[in-house]
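Here the protein sequences come in this chain order: A and B.
Mapping of the first sequence onto this note's numbering: position 72 corresponds to residue 63, and the numbering continues sequentially without gaps.
So the mapping is simple: this note's numbering equals the position in the second sequence, first residue as 1, plus 861.
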Amino acid sequence: MRRRGYYLLLAGLATLYAVDSCKFATSAASEPSIPDTVSYNFDIRPILSDKCFACHGPDANKREAGLRLDIADSAYKALKEHPGAHALVPGKPEFSEAFLRITSKDTSMLMPPPSSNLKLTTTEISLIEKWIKQGAKYEKHWSFIPPKKPSLPKIEDEEWPKNQIDYFILAKQEKRGLSPNPESDKERLLKRVSLDLTGLPPTIEMMDRFMADKSANAYEKIVDQLLQSPAYGEKMALHWLDIARYADSHGYQDDSYRSQWPWRDWVIHAFNKNFSYKDFLTMQLAGDLIPNATKEQILATGFNRNHKITEEGGVVDEEYRIEYVTDRTNTFAKGILGITMECAHCHDHKYDPFSQKEHYQMSAFFNNVKEVGLESVVGGPETYAKKPLMAITDKDIKDVLSFINKPDTSRLIVSVMGDNDTLRKTHILNRGSYDAPGEEVEAGTPKSILAFDKKYPKNRLGLAEWLFDKRNPLTSRVFVNQMWQEIFGKGIVKTSGDFGMQGELPSHPELLDWLAVDFMEHGWNIKRLMKQFVTSATYRQSTAVPAEKLKADPDNILLARAPRARLQAEFVRDLVLSTSGLLVRTVGGPSVKPYQPPGLWELASSGRGILKTYRQDHGTDLYRRGIYTFIKRTVPPPIMGIFDASNRDQCEVKRLNTNTPLQALAMLNDPTVNEASRVLAARLAVEKTSVKDKLTKAFRLIICRKPKENELALLNNYYTEQLKTFKSQPARAEKLLAIGEFPIPDNLNKVNTAAMMQVLTAIYNLEEAITKS
Amino acid sequence: MDKEIIEHGLTFNRRRFLSRLSLGLGSIALGSLLVPDLFSASAEENDLPTGIPHFAPKAKRVIYLFQNGAPSQLELFDYKPLLRQMMGQELPASIRSGQRLTGMTANQASFPLVGSFTNFEQYGQSRAWISDLLPYTSKVVDDLCIVKSMYTEAINHDPALTFFQTGAQQGNRPSMGSWLSYGLGSENKNLPSFTVLLSKGKGNSQGVYSKLWSNGFLDSIHQGVQFSSGEDPVLYLNDPEGMNRFERRKMLDKISALNQLSYDEFGDPEINTKIQQYEMAYRMQTAVPDIMDLSKESDDIIKMYGSDCMVPGTFAANCLLARKLSENGVRFVQLYHQGWDQHSNLPNALTGQAKDVDQASAALVTDLKQRGLLDETLVIWGGEFGRTNYSQGKLTATNYGRDHHPRCFTIWMAGGGIKPGIVYGDTDDFGYNITKDPVHVHDFHATVLNQLGLDHEKLTYKHLGRRYRLTDVAGKVIKGIIT
């Protein structure tokens, strides 16, 4: 029966997509062919960057034969070693030494040399040939040219778009002979948007209301409501905490406690208040330098102090101080500018036009902090933050920092930024080594991106102004792309941390630029951006994966279907807790320690500090959202790691999304899931409804839609079976019902409740439960 | 020409699609424990692991007995009678020659040389000097290749340990075991290809960090899976109380049936993968406890490893477990034994640490040899750096300590195509500088990969625009120690 259904479905799809697939056949055939006009940025540079620049690129120290292929002048001029020849002769591949060498049959002449393990494909060679024929024209790297707002592309199906995003998406699909999926059913759409904007599934009340609302703007109303929820800030904060490598311990070997959580509370607050990206970032980078800085502005600068700080006795102080400066520089480069500046730590960048000097010029902004490499070894509360630090008093919280959720009256300190009065000199460090200072440098930015304007102060405040200079080509693109990634599963530039030459090219360059400019034009308004995303027709498509589309576009680059994706680690937890009614909705506060398998901290600990043993919390602290789970860097919460959460060791802009048996084991056996099933079973037990009603309600809570008849039948059979089993084995029921600390009424029928609990655990383990579908 | 390109493109696309598919099915069939996210794989085509070595491998598997905290080479393997003769005298500046010091001894007024408190003798055909603290190791000396000329760059635990395990002192790079899993895949469909076992001695301890067995930027299928000899050998492996195998099977059948309905509706291959993963989880629940069960080991084996091997969580138990995991096809078994950081009270603490590991380390080599597995299993024993030839803190007649020393230290390797019964490299009479055949950490990595049939310059993964290697941009295979 099941099988037949499957074939029927396929047959239906085949008919449905017959027309499309014809179109696709032609377009697929032409896809890898050589375009009429070969583009340096989109066709040639990726080849040169990947296969040639390591020896013939920006790194002066590794350059072979004095030849540079990343700059036109250098590539056109006479070769140093053969003055009669030229690497590139525009219009004439047959006279271009570079072309002759990549096509040479003589392996001693062939480029790239076989010893490099690199090879050009025939298509790549043909592209290069045509490019030379067409004049071998160079262009500045696309992401270093400031974005301009393109006009909307022409499309055939003008009915489909709901906003501008859709024009760009549809135009590409039409060109490839694809058309969008139909709009998703309302139930699934609601689940998806609720998870995307708040990280929580919709309540049954929301589902009923949305299903009953037939008005034209029903969906928009729901979106607005979600954007107003305090859970929105928690959802948005998670990605930012990955970028900011936020954690509750100092890292490195002893890895003892730090009290940085008020900074995390501020991030949630900032998203909920919808600070513009400009304010949000300026405060974090330079809040302390703003004239008459408020305590809130100073707290925001905790961003740059979230890096690991050593407490290992015996380290060389300067080695670690430099490490912190480097970490801040790399975080700024990767998380905010989308460039891989760490490559220029030891030498000139091999692919991108950043010199080693420019790396140190950028690091100079972060090199003036009043800090040391090793302030103290593991100790008492005075070590929970490192200087410069800010004390937060109860009065502060009452007056100006009301968003901080401080549960007690103990002293609270947070590591923040603060500069020396006299500027600490910055040197180029030879080979990146702290004890090999070279030439002295001043604060500056890579000129290939945008030279640092003299009108800006040479400090972090000036750096923030530089970021939001209209001519800065990266800031808006990089952020918009990250947000796109969080909603659509992957960025328009897939390598969201690398917009340089080795990064992937944007799948929809015009869309990216349109969004980036639009975002700037509308005051860097983040909620507005999120609303644009989720109200687009692109977003609202169904996630069905028709076989034809899977074949045509396996990676779903063209978005002719909405992406299906597993929830991120923290939101898996949130879903389990909220659907069972266990979730405690308190926002902010010190991180909590829920259930964790025993022995993990103890076995890996040096035995020093208050984190040597895991002291699990009890009561309401067991049921907080995943974002509040305590992160000890060296032993991060295992269940989060199993679901690909960041270990917060370094700035991370993109999580993996894997599908593993350890995830299956965790969903089946983690006490959190089993306890949720138990508590929900108990809640359903006291309701005076039929078994089928209870199952339907549970399914709606967890899967967020009404079960189909065959699904309900399966669940009902399972329940009946379990009921029978537990009647004959009541002792097992007792044991199962003992999982977790949350109390349920004593007078429940244990056999019935245990049977229901098993069915609920099965529902939690459905693929769809923890998937945006 | 155009036609050729079109055809090339078509085949390429077809191959790309099929190879992605077959990678998925293949890894189930061939036995990678966890299947990568096929249709959103972050790796590009030529970065995908082939599961095929670059050339004929000498070794198939590795067991790495990491001695965390840095055991003193001067009391274990590197015999320096001169240090006893010069006891209490100042380390000559010509020997120290600019070596940077840790913050713990940088301010020490003097650097009094200190000889080993324990005696050495020569053993085996190689006549290698071995300390009295290692009576069992001394008996298998002809199976070992003792490398006395290891050196590293870091002088503190965290960066040194991270360097040994990931090839970089800082940063979230993949661990050595992850690289091997990536390069070679798994040999057993029910077990992860990279497993980790922890134990702790009584000596001064330095923590370990899960970052050390992290997959870094590689797919998380290559992450080290921590096994413990406790009740739950793999996290979340055990069914909750009140659940049994029969009922678990029934539940999985329901889940699978419902997921199949979902697949019929959506056609998303990820749903199928999920169904497979639940099946694999179920198989793991049987396979892992089987391996953890040491009750079927013969009395001879238990005697050989020492009675400690029946006490869960000891180094001896982990060695025995390591053999079983390795025997069952786990590519890389990483042990960490903590407690080797003897800044003070060295004689007493080191004696205890050596006793913890000596018998079981030697037993592991003998056990593998008896089973005919030593040829294809590379066993490695060693810490993250060495210790100074001068005393840290007060030197008395019976007590002293030693600080960190990166310039020379000793490790040993056995099996897996490494020359048995040799001592490689040498140090000066002060035990401070290498005088012959230095082996850098990158060289060590290059050599280990080489034994497994992998060219360390070819085993790369492109991440953020750069092709990363375990050996970063350096490393050469140490030809002198391979057969």
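Heads up, the beta-carbon is just placed ideally off N, CA and C, and yes, glycines get one too.
Item	Value
Local Cβ density within 10 Å of residue 718/A, reported as buried at 16 or more and exposed below that	exposed
Where residue 536/A meets chain B, residues with beta-carbon distance less than 8 Å	1127, 1128, 1129 and 1130
Contact list for residue 641/A against chain D, beta-carbon separation under 8 Å	The structure shown contains no chain D; its protein chains are A and B.
Separation of residue 295/A from residue 272/A, as counted between CA atoms	11 Å
Cα-Cα separation between residue 129/A and residue 89/A, rounded to whole angstroms	15 Å
Chain B residues whose Cβ lies nearer than 7 Å to that of residue 709/A	1115
At least three beta-carbon pairs within less than 8 Å, the region 233 to 250 of chain A to the region 407 to 421 of chain A	no
Three or more C-beta pairs below 8 Å linking the region 1035 to 1055 of chain B and the region 1183 to 1195 of chain B	yes
Every unbroken beta strand (DSSP E) inside the region 950 to 1027 of chain B [3 residues or more]	981 to 984, 989 to 992 and 1005 to 1012
Rounded straight-line distance, which links the Cα of residue 1080/B to that of residue 315/A	28 Å
Cβ-based burial, residue 405/A [other Cβ within 10 Å; buried from 16]	buried
Environment of residue 968/B [buried if 16+ CB atoms lie within 10 Å]	exposed
Contacts of residue 963/B in chain A (Cβ-Cβ under 8 Å)	305, 306 and 307
Cutoff 8 Å: residue 331/A Cβ touching any chain B Cβ	yes
Contact set for residue 771/A: own chain, Cβ-Cβ below 6 Å, skip 5 residues either direction	With chain A covering -8 to 764 only, the question about residue 771/A has no answer from this structure.
Inter-residue Cα distance where the pair is residue 35/A and residue 80/A	16 Å
Alpha-carbon spacing of residue 1099/B relative to residue 370/A, whole angstroms	38 Å
Contact the region 1294 to 1312 of chain B vs the region 1331 to 1339 of chain B: 3+ CB pairs below 8 Å	yes
Member of 434/A, 255/A and 438/A whose CA lies at the smallest distance from the CA of residue 449/A	434/A
Closest by C-alpha distance to residue 120/A, when choosing among 92/A, 100/A, 147/A and 84/A	84/A
Where the alpha helix (DSSP H) through residue 1309/B begins and ends	1302 to 1312
Same chain only: Cβ atoms within 8 Å of residue 132/A, ignoring 5 sequence neighbours per side	32, 36, 343, 344, 439, 491 and 492
Within-8 Å CB hit, residue 497/A to chain B	no
Contact set between residue 743/A and chain B, taken where Cβ atoms lie within less than 8 Å	The contacting residues do not exist; residue 743/A stays about 15 Å from chain B at best.
Bridge partner(s) assigned by DSSP for residue 762/A	557/A
Element boundaries [beta strand (DSSP E), containing residue 227/A]	Unbroken run through residue 227/A is the alpha helix (DSSP H), 221 to 234; no beta strand (DSSP E).
Inter-residue Cα distance where the pair is residue 744/A and residue 1155/B	38 Å
Straight-line Cα distance separating residue 532/A from residue 1096/B	38 Å
Near-chain A residues of the region 1137 to 1158 of chain B - C-beta to any C-beta below 7 Å	1138, 1139, 1141, 1142 and 1145
Presumed contact (8 Å Cβ cut-off) between residue 667/A and residue 573/A, rounded CB distance	6 Å
Neighbour list for residue 243/A in chain B, Cβ cutoff strictly below 8 Å	1019
Cβ separation of residue 1240/B and residue 924/B, assumed to be a contact under 8 Å, to the nearest whole Å	5 Å
Where residue 1169/B falls, given that 16 or more other Cβ within 10 Å makes a residue buried	buried
Contact belief for residue 930/B with residue 1199/B at Cβ below 8 Å, rounded distance in angstroms	6 Å
Three-state secondary structure assigned by DSSP to residue 1088/B	strand
Proximity to residue 71/A [Cα-Cα], best of 616/A, 737/A, 56/A and 329/A	56/A
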